[in-house]
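The next block holds one structure in the form of structure tokens; read it before the comments.
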Amino acid sequence: MNVKSSDEHMVPIEDLVNPRAIDYHTESGQIYFADTTSFLIGRQKIDGNSRETVLKDDLDNVEGISVDWIGNNLYWTNDGYRKTISVARLERASQTRKTLLEGDMSHPRAIVVDPLNSWMYWTDWEEDEVNDSIGRIEKAWMDGSNRRIFVTSNMLWPNGLTLDHGTSTMYWCDAYYDHIEKIHLNGTGRQVVFNGKQLNHPFGISHYRNSIFWTEYMNASVFQLDLTSGDVTLLRSERPPLFGLRVYDGQSQQGLSAFTSPSTIPNK
Numbered sequence: 001m002n003v004k005s006s007d008e009h010m011v012p013i014e015d016l017v018n019p020r021a022i023d024y025h026t027e028s029g030q031i032y033f034a035d036t037t038s039f040l041i042g043r044q045k046i047d048g049n050s051r052e053t054v055l056k057d058d059l060d061n062v063e064g065i066s067v068d069w070i071g072n073n074l075y076w077t078n079d080g081y082r083k084t085i086s087v088a089r090l091e092r093a094s095q096t097r098k099t100l101l102e103g104d105m106s107h108p109r110a111i112v113v114d115p116l117n118s119w120m121y122w123t124d125w126e127e128d129e130v131n132d133s134i135g136r137i138e139k140a141w142m143d144g145s146n147r148r149i150f151v152t153s154n155m156l157w158p159n160g161l162t163l164d165h166g167t168s169t170m171y172w173c174d175a176y177y178d179h180i181e182k183i184h185l186n187g188t189g190r191q192v193v194f195n196g197k198q199l200n201h202p203f204g205i206s207h208y209r210n211s212i213f214w215t216e217y218m219n220a221s222v223f224q225l226d227l228t229s230g231d232v233t234l235l236r237s238e239r240p241p242l243f244g245l246r247v248y249d250g251q252s253q254q255g256l257s258a259f260t261s262p263s264t265i266p267n268k
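So the sequence shown is numbered by the UniProt record's numbering: it starts at 1 and just counts up by one.
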């Protein structure tokens, strides 16, 4: 869908059973996706051609994926019997995959990387409704070191994550509190952005220019929130459930890393 004109162009990624997460790599023109029932991560050209499986083995429940467009790496969360965050090269992924973090997570969900500053962020979803302070957003260097809690308190089911690199701001949605929040990447300025009636069980979220787009898991709707006016627009409805969301912006994946540390994984 063209968010400026509402024109729709279908890029069919067919024969998926339970697609959960999605991201893209502008330079190669690839869309990356995870299917939690087929236990795979795949990719396909944005023109609909050249579909292939990227990773298949030792994937239980991939809830989030994120493309590092500077290092040409793919990051993902795995909410299986092992709770892990892993990385692999976009090319030859099965030969270069590496587990960065394991354990001390309940239900790792979304993940986003900030290769401009060498950070990664992920959500950890809890089920204990008695304690509303155990859901959290964590962060670590993109090599898995320097892990720390970034946001907690008044958080239980944080699902989607998205970054506005221009303003160094993170947005997320919480499906327990049914609201969208934001915080500056320096840890200040946390506030609720929207908590209107359209929020029933938000799952995927994506920032584009002056708007936030999100999916509703229960009724499979896609909404747009204008961050200036506060107006909300229903863009379309699908057959439930509906999961991850990304706004494809060919100009968004630019810049060079501010760090010169060695690559996360070997370039074999």
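All C-beta atoms in this analysis are idealised placements derived from N, C-alpha and C, irrespective of residue type, glycine included. Source: prediction; values computed, not measured.
Name the residue from the options whose alpha carbon lies nearest to the alpha carbon of residue i.
i	options	result
residue 49	134, 14, 55 and 22	14
residue 211	52, 217, 203 and 223	223
residue 168	29, 119 and 152	119
residue 236	215, 26, 88 and 22	215
residue 175	160, 187, 201 and 166	201
residue 179	135, 163 and 198	198
residue 141	190, 135 and 149	149
residue 137	59, 160, 252 and 70	160
residue 59	40, 47 and 74	40
residue 217	245, 196, 191 and 51	245
residue 187	102, 171 and 219	171
residue 32	248, 252 and 255	248
residue 74	196, 116, 190 and 54	54
residue 81	104, 70 and 115	104
residue 208	177, 192 and 163	163
Suppose you measure from the CA of residue i to the CA of residue j; what does that come to, to the nearest Å?
i	j	result
residue 250	residue 45	14 angstroms
residue 65	residue 229	31 angstroms
residue 35	residue 43	11 angstroms
residue 98	residue 238	36 angstroms
residue 68	residue 88	10 angstroms
residue 17	residue 185	35 angstroms
residue 242	residue 205	12 angstroms
residue 266	residue 152	Only weak support exists for where residue 266 lies, its pLDDT of 43 falling under 50; the value from the coordinates is given anyway. Each residue's alpha carbon lies about 34 angstroms from the other.
residue 324	residue 63	Outside the modelled stretch of the chain, which goes from 1 to 268, sits residue 324, for which no answer is possible.
residue 233	residue 221	10 angstroms
residue 94	residue 125	28 angstroms
residue 22	residue 101	21 angstroms
residue 194	residue 47	34 angstroms
residue 213	residue 231	12 angstroms
residue 72	residue 37	26 angstroms
residue 111	residue 78	10 angstroms
residue 28	residue 134	39 angstroms
residue 173	residue 156	10 angstroms
residue 106	residue 76	15 angstroms
residue 84	residue 52	24 angstroms
What is the DSSP secondary structure of residue i, counted as helix, strand or coil?
i	result
residue 189	coil
residue 52	strand
residue 22	strand
residue 248	coil
residue 16	coil
residue 167	coil
residue 27	coil
residue 58	coil
residue 253	coil
What is the residue span of the beta strand (DSSP E) that residue i lies within?
i	result
residue 221	221-226
residue 276	For residue 276 there is no data in the structure shown, the boundaries of the chain being 1 and 268.
residue 215	211-216
residue 78	73-79
residue 149	148-151
residue 68	62-68
residue 207	202-208
Would you give the residue range spanned by the alpha helix (DSSP H) that residue i belongs to?
i	result
residue 95	93-96
Name the one or two DSSP bridge partners that residue i has.
i	result
residue 136	124
residue 43	32 and 52
residue 174	158 and 179
residue 194	180
residue 141	119
residue 234	223
residue 101	85
residue 108	124
Say yes only if the C-beta of residue i is nearer than 7 angstroms to one or more non-hydrogen atoms of the ligand FAD, and no if none qualify.
i	result
residue 252	This structure simply doesn't include the ligand FAD, nor any ligand for that matter.
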